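K.L.:
Each step along the sequence shown adds one to the number in the working numbering, with nothing skipped, and position 289 is 294.
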Amino acid sequence: MGYQFLFPTYILDLYDKLYIPLTDKNPAKVNGNDVLKFNFNGNFQINVIPEGDPYNFVSGNLIHIKDDCIISFSGTIRYIPEDMMIGWSNIWNTIYIYKNGILQNVIKTNSWYYEITDNVEFECKEGDNIVFRLESRWTDNVIWPFTQYKSVWNMKGSGDIAFHFTMSIKPVEIKPGEKFPIIPNLPDITFMDMIHTITSMFGLFTNITESGIEFFSINDIYANIPKASNWTKKLITGKNFDEIDFSLDSFAQKNWLKYLEDNTVNLGSDIFNDNIKVNSDILVSDRDIYQMKFAASDSSTINPNIPILYIPLYTAEDLDYSGNINVDEDGNLKVDYNSVKPRICTIEFGEDTNTPRAYFPSDLFFSELISQYYSKYQQIVLHPKIIQCQFLLTDIDIYTLDVMTPVYIEQTGNYYIIQELTVNKNNVAKAKLIQM
Numbered sequence: 006m007g008y009q010f011l012f013p014t015y016i017l018d019l020y021d022k023l024y025i026p027l028t029d030k031n032p033a034k035v036n037g038n039d040v041l042k043f044n045f046n047g048n049f050q051i052n053v054i055p056e057g058d059p060y061n062f063v064s065g066n067l068i069h070i071k072d073d074c075i076i077s078f079s080g081t082i083r084y085i086p087e088d089m090m091i092g093w094s095n096i097w098n099t100i101y102i103y104k105n106g107i108l109q110n111v112i113k114t115n116s117w118y119y120e121i122t123d124n125v126e127f128e129c130k131e132g133d134n135i136v137f138r139l140e141s142r143w144t145d146n147v148i149w150p151f152t153q154y155k156s157v158w159n160m161k162g163s164g165d166i167a168f169h170f171t172m173s174i175k176p177v178e179i180k181p182g183e184k185f186p187i188i189p190n191l192p193d194i195t196f197m198d199m200i201h202t203i204t205s206m207f208g209l210f211t212n213i214t215e216s217g218i219e220f221f222s223i224n225d226i227y228a229n230i231p232k233a234s235n236w237t238k239k240l241i242t243g244k245n246f247d248e249i250d251f252s253l254d255s256f257a258q259k260n261w262l263k264y265l266e267d268n269t270v271n272l273g274s275d276i277f278n279d280n281i282k283v284n285s286d287i288l289v290s291d292r293d294i295y296q297m298k299f300a301a302s303d304s305s306t307i308n309p310n311i312p313i314l315y316i317p318l319y320t321a322e323d324l325d326y327s328g329n330i331n332v333d334e335d336g337n338l339k340v341d342y343n344s345v346k347p348r349i350c351t352i353e354f355g356e357d358t359n360t361p362r363a364y365f366p367s368d369l370f371f372s373e374l375i376s377q378y379y380s381k382y383q384q385i386v387l388h389p390k391i392i393q394c395q396f397l398l399t400d401i402d403i404y405t406l407d408v409m410t411p412v413y414i415e416q417t418g419n420y421y422i423i424q425e426l427t428v429n430k431n432n433v434a435k436a437k438l439i440q441m
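#1: When DSSP builds the beta bridges, which residues end up paired with Leu253?
#2: Rounded to whole angstroms, what's the CA-CA distance from Asp368 to Phe220? Just pull it up for me.
#3: With distances taken between CB atoms, is the gap from Thr360 to Val340 smaller than 8 Å?
#4: Which word fits Tyr24, buried or exposed, when buried means at least 16 other C-beta atoms lie within 10 angstroms of its C-beta?
#5: Counting pairs of beta carbons, one from the stretch 281 to 295 and one from the stretch 246 to 258, are three or more of them closer than 8 Å?
#6: With distances taken Cα to Cα, identify the nearest neighbour of Leu19 among Gln384, Tyr378, Lys390 and Gln395.
#7: Around the Cβ of Pro32, are there at least 16 other Cβ atoms within 10 angstroms (buried) or fewer (exposed)?
#8: In three-state terms, what does DSSP make of Asn432?
#9: Hey, is Ile249 close to the ligand FMN, as in C-beta under 7 Å from one of its heavy atoms?
#10: Taking only three categories from DSSP, how would you classify Thr202?
#11: For Ile230, name the three-state secondary structure that DSSP assigns.
#12: What is the residue span of the alpha helix (DSSP H) that Leu19 lies within?
#13: Quick one: any contact between the stretch 190 to 208 and the stretch 405 to 414, if contact means 3 or more CB pairs under 8 Å?
#14: Check whether the Cβ atoms of Tyr264 and Ser205 sit closer than 8 Å, and answer yes or no.
#15: Judging by CA-CA distance, which residue of Ala436, Thr351 and Tyr421 is the nearest neighbour of Leu397?
#16: Out of curiosity, what's the CA-to-CA distance linking Glu425 and Lys232?
#17: In this structure, does DSSP put Tyr382 in helix, strand or coil?
#18: Since I believe Ile423 is in contact with Val412 (beta carbons under 8 Å), could you give me their beta-carbon distance rounded to a whole number of angstroms?
#19: With a CB to CB cut of under 7 Å and the five nearest residues on each side skipped, what residues in its chain are close to Ile226?
#20: Within the continuous beta strand (DSSP E) that includes Asp291, where are the two ends?
#21: If you check the beta carbons only, do Ile223 and Ile76 fall under 8 Å apart?
#22: Nearest to Lys71 by alpha carbon, out of Asp133, Ser290 and Pro317?
#23: Give me, in chain order, the residues of the same chain whose beta-carbon lies closer than 8 Å to that of Leu272; leave out the 5 immediate sequence neighbours on both sides.
#24: Per DSSP, what are the beta-bridge partners of Asn134 in this structure?
#25: Using 10 angstroms around the beta-carbon of Val289, count the other beta-carbons present and answer buried if the total reaches 16, otherwise exposed.
#26: Look at the alpha carbon of Ile102 and the alpha carbon of Asp73, and state the distance between them as a whole number of angstroms.
#27: Between which two residues does the alpha helix (DSSP H) harbouring Asp279 extend?
#28: Would you say Val136 and Leu27 are within 8 Å of each other, going by their C-beta atoms?
#29: Can you tell me the Cα-Cα spacing of Asn110 and Arg348, whole angstroms?
#30: Have a look at Thr306, Asn329 and Met197 and flag the residue whose alpha-carbon is nearest the alpha-carbon of Leu338.
#31: Check whether the Cβ atoms of Asp267 and Lys346 lie closer than 8 Å to each other.
#32: Alpha carbon to alpha carbon, what distance is there between Ile439 and Ile392?
#33: Looking only at C-alpha atoms, which of Phe354, Asp275, Lys298 and Asn310 sits nearest to Ser372?
#34: Taking just the CA atoms, how far does Cys394 sit from Ile241?
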């Protein structure tokens with residue numbers, strides 16, 4: 006069994022409403038692959054037709070398309086008539102590919118061996134028929150007189166003609182009313198990206214316990230002051246601390262939490278971002294603590310009293326005289342798809358209805374998140390005081406150490422958060438503590 010995620014209860018009201026809207030429309034994978042491939046080997050005969058007939062081609066190679074897709078071809082064709090190697094350069098071999106009787110592609114060579122390496126690709130719709138036609142001619146105008154050599158040419162790989170095609174089938178975009186595949190449309194983010202998203206939004210840290218991965222905040226450490234560990238008599242250096250600092254490493258005067266940039270967001274990202282402040286003129290002006298893997302979103306203005314998530318996935322190609330979006334011959338709206346950055350939002354249900362509503366509330370603005378979940382964190386880093394000192398700990402102290410529990414030192418009359426702790430083999434611990 007894997008680790009459990011243990012979240013503090015005070016974030017659950019917002020956390021349980023978080024959703025990631027799927028804004029891509031990638032088709033479902035086939036057998037785990039983006040592209041489905043079929044191999045076709047020559048396994049039939051060419052019955053030679055009378056000399057002078059305009060067509061010599063392979064029959065029985067029709068492919069019926071059952072769903073909209075993009076198909077592409079690769080492969081080889083090899084002619085080896087043992088008694089016709091002399092003068093082979095005068096023979097043109099041609100591969101024709103037809104869709105619904107209309108020629109789509111022509112591949113022509115005067116070599117006895119040909120490999121299809123060009124990008125032979127075209128779109129197909131449900132009900133289309135694809136046909137291969139193989140033809141050999143003596144120069145451009147005269148049909149090669151097969152009959153003077155053989156009346157039947159074998160197509161069995163090791164016979165007179167070796168023929169191999171690979172047809173790749175890639176589904177096209179999802180159509181309205183079709184099942185929407187979840188996995189291929191998930192944002193391209195990692196497990197750790199999701200962890201960083203949660204910890205950044207709610208000001209959380211992680212602690213691995215026997216029960217699972219525990220998430221906690223500075224607020225939780227403050228709540229544990231009543232059960233703080235008293236390390237007064239364990240302090241080795243007495244009142245003389247090894248070092249006292251008044252700034253935190255890697256901090257700036259303004260430490261920004263940001264959403265991902267996306268130029269389709271009309272409000273712009275600045276209104277959604279905010280920073281944690283540190284009062285210190287010796288620090289650099291600005292620093293990004295974390296930029297989310299998700300962009301913020303606008304709200305629809307159709308009904309200002311009921312905001313709805315607005316993501317401009319489609320843009321009308323053109324409008325009719327009445328201002329309506331034109332449709333194609335199949336009755337579908339003529340629109341262009343817009344690729345957008347991954348989004349995050351909340352979903353809530355109305356009081357009088359079970360209909361869900363997705364939107365991007367002010368609760369997700371970093372100004373609100375910092376105010377709600379970073380209050381004690383902001384209090385500490387605004388005027389930080391960090392001491393470095395040494396303690397002589399017992400085995401029980403080390404075994405029961407909990408970073409969520411503050412320590413108390415009588416010499417200063419203050420409680421501290423354990424920022425760093427290194428213990429040597431003699432149980433001497435070098436500690437870096439942040440004053441609460």
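Beta carbons: idealized from backbone N, C-alpha and C, even for Gly. All of these numbers come straight from a predicted model, not from anything done at the bench.
P.N.:
In brief:
#1: Within the sequence shown, the letter at position 248 stands for residue 253. Paired residues: none, contrary to the question.
#2: To locate residue 368, count along the sequence shown from 1; it is residue 363. To locate residue 220, count along the sequence shown from 1; it is residue 215. Cα to Cα, Asp368 sits roughly 20 Å from Phe220.
#3: Position 355 of the sequence shown, counted from the start, is the residue given in the question as residue 360. Position 335 of the sequence shown, counted from the start, is the residue given in the question as residue 340. Result no, Cβ atoms of Thr360 and Val340 do not sit closer than 8 Å.
#4: In the sequence shown, counting from the first residue as 1, residue 24 sits at position 19. When all chains shown are included, Tyr24 counts as exposed.
#5: yes
#6: Sequence index remark: in the sequence shown, residue 19 carries index 14 (1-based). Of the candidates Gln384, Tyr378, Lys390 and Gln395, the one whose C-alpha sits nearest the C-alpha of Leu19 is Tyr378.
#7: By 1-based counting over the sequence shown, the position of residue 32 is 27. Buried is the call here.
#8: For the purposes of this step, residue 432 is identified with residue 427 of the sequence shown, where counting begins at 1. It is coil, neither helix nor strand.
#9: The ligand FMN is not part of this structure, which contains no ligands at all.
#10: As a working mapping, residue 202 is identified with position 197 in the sequence shown. Note: Thr202 maps to helix in three-state DSSP.
#11: Working through the sequence shown from its first residue, we reach residue 230 at position 225. Helix at Ile230.
#12: Along the sequence shown, read from residue 1 onward, the residue named residue 19 stands at position 14. Taken as a continuous stretch (DSSP letters only), the alpha helix (DSSP H) holding Leu19 covers Leu17 to Tyr20.
#13: no
#14: Position 259 of the sequence shown, counting from 1, holds the residue named residue 264. Position 200 of the sequence shown, counting from 1, holds the residue named residue 205. Not a contact, by the Cβ cut-off of 8 Å.
#15: The residue given as residue 397 occupies position 392 in the sequence shown. Per the Cα distances, Ala436.
#16: Locating residue 425 in the sequence shown gives position 420, counting from the first residue. Locating residue 232 in the sequence shown gives position 227, counting from the first residue. Cα to Cα, Glu425 sits roughly 20 Å from Lys232.
#17: Mapped onto the sequence shown, residue 382 falls at position 377. Residue state, collapsed to three classes: helix.
#18: Translated into positions along the sequence shown, residue 412 becomes position 407. Translated into positions along the sequence shown, residue 423 becomes position 418. Contact flag correct, Cβ pair sits at about 6 Å.
#19: If you number the sequence shown from 1, residue 226 lands on position 221. Only Met409, Pro411 and Ile422 meet the Cβ criterion.
#20: What you label residue 291 is simply residue 286 of the sequence shown in a count that begins at 1. Asp291 to Ala300 is the extent of the beta strand (DSSP E) around Asp291.
#21: Taking the sequence shown and counting its residues from 1, the one referred to as residue 223 is at position 218. Taking the sequence shown and counting its residues from 1, the one referred to as residue 76 is at position 71. Going by C-beta atoms, Ile223 is not nearer than 8 Å to Ile76.
#22: Stepping through the sequence shown from its first residue, residue 71 is reached at position 66. Here the closest residue by C-alpha is Asp133.
#23: Locating residue 272 in the sequence shown gives position 267, counting from the first residue. Answer for Leu272: Ala301 and Asp303, listed in chain order.
#24: Position 129 of the sequence shown, counting from 1, holds the residue named residue 134. According to DSSP, which records beta bridges pairwise, Asn134 is partnered with His69.
#25: Within the sequence shown, numbered from 1, the residue matching residue 289 stands at position 284. Answer is exposed; the Cβ neighbour count stays below 16.
#26: Taking the sequence shown and counting its residues from 1, one reaches residue 102 at position 97. Taking the sequence shown and counting its residues from 1, one reaches residue 73 at position 68. Each residue's Cα considered, the two are about 18 Å apart.
#27: The residue labelled residue 279 in the question sits at position 274 within the sequence shown. Looking at the DSSP string, Asp279 is not in any alpha helix (DSSP H); the run it does join, the beta strand (DSSP E), is Asp279 to Lys282.
#28: In the sequence shown, residue 136 corresponds to position 131, counting from 1. In the sequence shown, residue 27 corresponds to position 22, counting from 1. No, these two residues do not count as a Cβ contact at 8 Å.
#29: Stepping through the sequence shown from its first residue, residue 110 is reached at position 105. Stepping through the sequence shown from its first residue, residue 348 is reached at position 343. One C-alpha to the other measures close to 42 Å.
#30: The sequence position of residue 338 within the sequence shown is 333, counting from 1. Of Thr306, Asn329 and Met197, the residue nearest in Cα terms is Asn329.
#31: The residue given as residue 267 occupies position 262 in the sequence shown. The residue given as residue 346 occupies position 341 in the sequence shown. Against a cut-off of 8 Å, the Cβ pair of Lys346 and Asp267 comes out as a contact.
#32: Position 387 of the sequence shown, counted from the first residue, corresponds to residue 392. Position 434 of the sequence shown, counted from the first residue, corresponds to residue 439. Their backbone Cα atoms lie some 7 Å apart in a straight line.
#33: Taking the sequence shown and counting its residues from 1, the one referred to as residue 372 is at position 367. The shortest Cα separation from Ser372 among Phe354, Asp275, Lys298 and Asn310 belongs to Asp275.
#34: For this step, residue 241 is matched to residue 236 along the sequence shown. For this step, residue 394 is matched to residue 389 along the sequence shown. One C-alpha to the other measures close to 8 Å.
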